[in-house]
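Each remark here refers to the structure printed beneath this line.
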Amino acid sequence: GIAIQEHIISDGRKNRPGRDTNPDTYITIHETGNAAKGADAAAHGAYLDSAAGEDDLVSWHYTVDDHAIVQHLPDYETAYHAGDGKAGPGNTTSIGIEICVNAGGNFEAAKANAAALVRLLMEEHGIPLDNVVQHNRWNGKDCPKTIRATAGAWEAFLALCRGETANVSKLDTDVDTLANVGIIDQPDYWKAGNYSKDTVEALIGKTADYVREDD
Numbered sequence: 001g002i003a004i005q006e007h008i009i010s011d012g013r014k015n016r017p018g019r020d021t022n023p024d025t026y027i028t029i030h031e032t033g034n035a036a037k038g039a040d041a042a043a044h045g046a047y048l049d050s051a052a053g054e055d056d057l058v059s060w061h062y063t064v065d066d067h068a069i070v071q072h073l074p075d076y077e078t079a080y081h082a083g084d085g086k087a088g089p090g091n092t093t094s095i096g097i098e099i100c101v102n103a104g105g106n107f108e109a110a111k112a113n114a115a116a117l118v119r120l121l122m123e124e125h126g127i128p129l130d131n132v133v134q135h136n137r138w139n140g141k142d143c144p145k146t147i148r149a150t151a152g153a154w155e156a157f158l159a160l161c162r163g164e165t166a167n168v169s170k171l172d173t174d175v176d177t178l179a180n181v182g183i184i185d186q187p188d189y190w191k192a193g194n195y196s197k198d199t200v201e202a203l204i205g206k207t208a209d210y211v212r213e214d215d
């Protein structure tokens with residue numbers, strides 16, 4: 001597995017309240033929402049331990065990318081990640097994990113690393129899988145956004161947290177590839193596998209147009 005690196009937010013910063021609430025009842029999964037190249041786990045560690053992070057009054061426990069896991073706060077301290085207030089249940093009862101979505105990073109590998117961290121924390125703190133939740137649970141935010149936008153992705157992530165291999169077929173992957181470039185606009189329909197002749201002909205036409213545009 002990947003060794004956990006530490007870049008702990010400095011004592012006294014406003015985004016490190018230092019309250020020992022032992023927020024180990026839940027694990028909250030986020031995505032950073034930062035697609036900039038180089039916005040990896042180390043970069044987020046530097047941000048949290050800076051004047052900018054302090055001014056934004058945000059913090060969380062771990063950031064995970066495709067090659068690193070960085071810890072920013074001890075598990076037993078409150079962090080400001082759930083958006084439900086300083087004394088809100090998300091902030092005071094859950095360990096916050098941010099998954100990087102930076103350009104040039106491998107999101108699938110980042111999710112796998114995050115799932116490995118979740119397994120470790122579940123074992124360490126006796127947290128059941130039912131208590132691994134989305135940021136959305138605490139304040140309704142559309143986060144983790146990429147995972148929420150993809151049918152079956154949350155269930156696949158929880159399967160990884162259970163130590164199972166993600167059960168994603170080549171068809172699902174191919175459909176997602178076509179959806180990402182705009183050839184397909186109803187991925188769930190295509191993943192279901194029940195096509196009419198008309199829809200297949202329309203897809204062939206759109207694919208041919210796309211290829212011709214590239215020529």
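The numbering of the sequence shown is the UniProt record's numbering, which starts it at 1 and goes up by one. Beta carbons are placed, not taken as given, at the ideal position from N, Cα and C, and that holds for glycine.
Check, Outcome
"Determine whether the beta carbon atoms of residue 132 and residue 29 lie at a separation below 8 Å.", "yes"
"Taking contact to mean at least 3 C-beta pairs separated by less than 8 Å, is the region 5-13 in contact with the region 64-74?", "yes"
"Is the CB-CB distance between residue 129 and residue 161 below 8 Å?", "yes"
"Among 38, 123, 134, 117, whose alpha-carbon lies nearest the alpha-carbon of residue 104?", "38"
"Between 185, 80, 64, 88, which lies nearest to residue 13 when the distance is taken from Cα to Cα?", "80"
"Going straight from the alpha carbon of residue 22 to that of residue 94, what length do you get?", "8 Å"
"Does the region 112-119 come close enough to the region 55-66 to have 3 or more Cβ pairs within less than 8 Å?", "yes"
"Quick one: using the 10 Å Cβ neighbour count with 16 as the cut-off for buried, is residue 213 buried or exposed?", "exposed"
"Assuming residue 139 and residue 90 make a contact with CB atoms under 8 Å, what is their CB distance in whole Å?", "7 Å"
"At which residue ranges does the region 116-163 contain complete alpha helix (DSSP H) runs of 4 or more residues, listed in the order of the chain?", "136-139, 145-149, 153-161"
"In angstroms with no decimal places, state the Cα-to-Cα distance between residue 53 and residue 135.", "19 Å"
"Restricting to Cα atoms, I'd like to know which of 186, 99, 137 is closest to residue 35.", "99"
"Using the beta-carbon count (16 or more within 10 Å), is residue 189 buried or exposed?", "exposed"
"So, is residue 196 buried or exposed, given that buried needs 16 or more other C-beta atoms within 10 angstroms?", "exposed"
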